[in-house]
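Below is one structure, written out as structure tokens; the observations come after it.
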Amino acid sequence: MSAQDIVLSIDLAPEDCLYRILRKNPERVVYVNLEHLDLIPEESRTYGPDVIRELSKLPEWNNGWKTLTISKENTGIRSQRDIFEPHALPQAQVHDLYERFNILTLEEVQSVKSRVSHFQNQDTQYFLKIARFGFEMPSLAKEAEVYDILTREASTLAPRLLGYAYEPELEDDRITGRVIGLVLEAVSGRHPGISDLGTCQEALQQLHGLGIIHGDINKYNIFLTKDGAKFIDFEESGISSVDESKKAKEMQSLYERLLDESGTGRPW
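Using the numbering used here, read the sequence shown as starting at 83 and increasing by one per residue.
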């Protein structure tokens, strides 16, 4: 029933809006593309219960669908089922080496950013990073590749990739799963300052030696841990084809990034 539905994520743009919604009976995640904002009153567009109340008025709401596109026509409101596919990490990047986690069963400890959270599984804490919507998936796919490379290399330069988070969805009357997130080893430590330049340079040189350029070096994307410097947030990374000039430029930028007090890259 729609009363049990929960809005998980919202992406509000000037002219349209995307919703990521948990449906019940059976439990699965669906997506709504609202192509015209005035179909939902302005004061209700970002308040989950109001969004559900408005959307559940649609005749299509209680039918079986994975995505719903809602638009205005001269004759009224048009609802189109499954004209776009829910996003997922490309299957070629989903490796059997790693565990699968149902995202709906994970116990959140702390939200770090809109896409990053601390979660707990039994007595173990870890990071979860997701692509809430399709436009965020290319960046997550870059990160998945880098974390996979570093984990297979047994590198300490980044958190280990522990597994993939999937969303359940209804497919041909059965529940399946789409991978939309990465489950990573939790990192504890401090962010570096300029006095840690040498340690960070050494770690960045090792990363470059593996054919990886980070792409977004700042002090908040580096943790100093008992195992040395660890990098996070590889959304802008480059792999293999990285030329020496890009590596040199990134290395040169490290000094200024560690001096920067503007808060650029701060996760809160």
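For every residue, glycine included, the Cβ atom is placed at its ideal position computed from N, Cα and C.
| Item | Value |
| --- | --- |
| Do you know how far the Cα of Lys211 is from the Cα of Glu326? | 30 Å |
| Determine, using beta carbons only, whether Gly245 and Val228 come nearer to each other than 7 Å. | no |
| First and last residue of the alpha helix (DSSP H) that includes Lys329? | Glu326 to Leu341 |
| Ordered along the chain, which non-local residues of its own chain (more than five positions away) have a Cβ less than 7 Å from that of Tyr302? | His273, Gly347, Arg348 and Pro349 |
| According to DSSP, which residues form a beta bridge with Ser199? | Ser193 and Leu210 |
| Expressed to the nearest angstrom, what Euclidean distance is found between the alpha-carbon atoms of Gln86 and Gly320? | 43 Å |
| Where do the N-terminal and C-terminal ends of the alpha helix (DSSP H) with Ala226 fall, by residue? | Met219 to Arg234 |
| Check this for me: beta carbons of Val114 and Lys148, under 7 Å apart or not? | no |
| Secondary structure at Gly130, three-state DSSP: helix, strand or coil? | helix |
| Using 10 angstroms around the beta-carbon of His296, count the other beta-carbons present and answer buried if the total reaches 16, otherwise exposed. | buried |
| Assign Asp98 to one of three DSSP states: helix, strand, or coil. | coil |
| Return the CA-CA distance between Gly263 and Ala170, expressed in angstroms with no decimal places. | 9 Å |
| Starting from the C-beta of Pro172, find all residues in its chain whose C-beta is less than 7 Å away, skip the five residues before and the five after it, and write them out in chain order. | Ala223 |
| Thr187 bridges to which residues according to DSSP? | DSSP lists no partner for Thr187. |
| Relative to the C-alpha of Gln334, which residue among Gln287, Ile304 and Thr307 is closest? | Gln287 |
| Return the residue from the list Tyr101, Asn107, Gly158 and Asn145 that minimises the CA-CA distance to Ile134. | Tyr101 |
| Would you decide whether Glu343 is buried or exposed? Buried here means 16 or more other CB atoms lie within 10 Å of its CB. | exposed |
| Who are the near neighbours of Ser126 in its chain, counting only those whose CB is closer than 8 Å to its CB and skipping five residues on each side? | Asp132, Val133, Arg135 and Glu136 |
| Less than 7 Å separating the beta-carbons of Gly271 and Thr307? | yes |
| Put Thr281 into one of helix, strand or coil per three-state DSSP. | helix |
| Would you kindly check if the distance between the Cβ of Leu252 and the Cβ of Arg110 is under 7 Å? | yes |
| Starting from the C-beta of Pro241, find all residues in its chain whose C-beta is less than 6 Å away, skip the five residues before and the five after it, and write them out in chain order. | Leu266, Glu267 and Val269 |
| What's the gap between the Cα of Glu317 and the Cα of Glu181? | 22 Å |
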